[in-house]
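Just so you know, we're using the numbering used here here: the sequence shown kicks off at 6 and counts up by one. Beta carbons are placed, not taken as given, at the ideal position from N, Cα and C, and that holds for glycine. Please read these numbers as outputs of a predicted model, since none were measured by experiment. Notes follow once the structure below has been shown.
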Amino acid sequence: MYTILYVLFLCISGYFFIYKMFNPPLGPHYQLKSITFTMDRHKVDKINQLGKYIYSIKSKRRFILPTEFDLWSEIILFENGIVFKRNKKEKTVFFHELYAIEPILINSLFVKNKYFGYVFKFKNKNKIILKSCNLYHLDIWITHLCSLFPSEIIDVIIIDC
6 MYTILYVLFL CISGYFFIYK MFNPPLGPHY QLKSITFTMD RHKVDKINQL
56 GKYIYSIKSK RRFILPTEFD LWSEIILFEN GIVFKRNKKE KTVFFHELYA
106 IEPILINSLF VKNKYFGYVF KFKNKNKIIL KSCNLYHLDI WITHLCSLFP
156 SEIIDVIIID C
């Protein structure tokens, strides 16, 4: 009797997992933006001061383990750069060091495109990934970042994805 229930349970759960694997539900639709900085070294000002404070976002988690290298506890936007904070460490990035900021969609276990994120690509081939599952108001932060570069500036190309 128990073997029949056990086999029935395995068949139903197997069917459920296989169905969800091939037909996952879609998450919400996001208005993502892609930002590309020019590679011309003469046009981009190499300013090494952060400037005026614009906006900041904090992580949903209070403490980040040292083994989690892609999570940041706070991200602060300034006029000329960005400060990434993790526990007691800071990483300052100026806009002349960036090559591009590209959007990514992040899948959950059974939901396709559940979260979104952004990849900050540097000119020296390094990258930093920000995910909306870890950071509150990442979309508002990116909007503030895009407002720093009006459409008249030819140093930056902003594309709605």
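Rounded C-alpha distance that separates residue i from residue j
i: T72; j: I134; result: 15 Å
i: E169; j: D165; result: The first residue shown for the chain is 6 and the last is 166, placing residue 169 beyond what the model contains.
i: F14; j: I23; result: 14 Å
i: I111; j: C138; result: 9 Å
i: Y120; j: P33; result: 8 Å
i: F68; j: L76; result: 10 Å
i: V12; j: M6; result: 10 Å
i: C151; j: Y141; result: 18 Å
i: K25; j: I109; result: 22 Å
i: N53; j: L114; result: 42 Å
i: N129; j: F27; result: 38 Å
i: T43; j: F125; result: 14 Å
i: K132; j: S18; result: 39 Å
i: S156; j: K94; result: 34 Å
i: L55; j: I87; result: 8 Å
i: T8; j: Y123; result: 49 Å
i: H149; j: C16; result: 50 Å
i: Y20; j: L10; result: 15 Å
Cβ distance (whole Å) where residue i is taken to contact residue j below 8 Å
i: K90; j: E79; result: 4 Å
i: K51; j: F83; result: Actually they do not touch by this definition, with Cβ atoms about 15 Å apart.
i: F99; j: N85; result: 6 Å
i: V161; j: I81; result: Incorrect: roughly 20 Å between the Cβ atoms, too far for contact.
Neighbourhood of residue i by C-beta distance below 7 Å, restricted to the same chain and skipping five residues each side
i: F127; result: E102, L103 and Y104
i: L37; result: P108, F121 and C166
i: I163; result: K38, I40, C151 and F154
i: K136; result: I111, Y120 and G122
Chain-order list of residues whose beta-carbon lies under 6 Å from that of residue i (same chain, five-residue window excluded)
i: K117; result: P29 and L31
i: Y35; result: F121
i: K96; result: F89
i: L153; result: none
Short CB-CB distance (under 8 Å) between residue i and chain B
i: V116; result: In the structure shown, chain B cannot be found, because there is only a single protein chain.
Own chain, CB closer than 8 Å to residue i, minus 5 neighbours either side, in chain order
i: N92; result: F68, I69, P71 and S78
Counting pairs of Cβ atoms below 8 Å between the region 56 to 63 and the region 139 to 149, do you hit three or more?
Contact between the region 56 to 63 and the region 139 to 149 is present, because at least three Cβ pairs lie under 8 Å.
Can you list, in chain order, the stretches of the beta strand (DSSP E) that have 3 or more residues and sit fully within the region 85 to 127?
Those beta strand (DSSP E) runs which fall completely within the region 85 to 127 and span 3+ residues are 86 to 91, 94 to 99, 103 to 111 and 120 to 127.
Ranges of the beta strand (DSSP E) found wholly within the region 11 to 84, counting only runs of at least 3:
Runs found: 38 to 42, 58 to 63 and 79 to 83.
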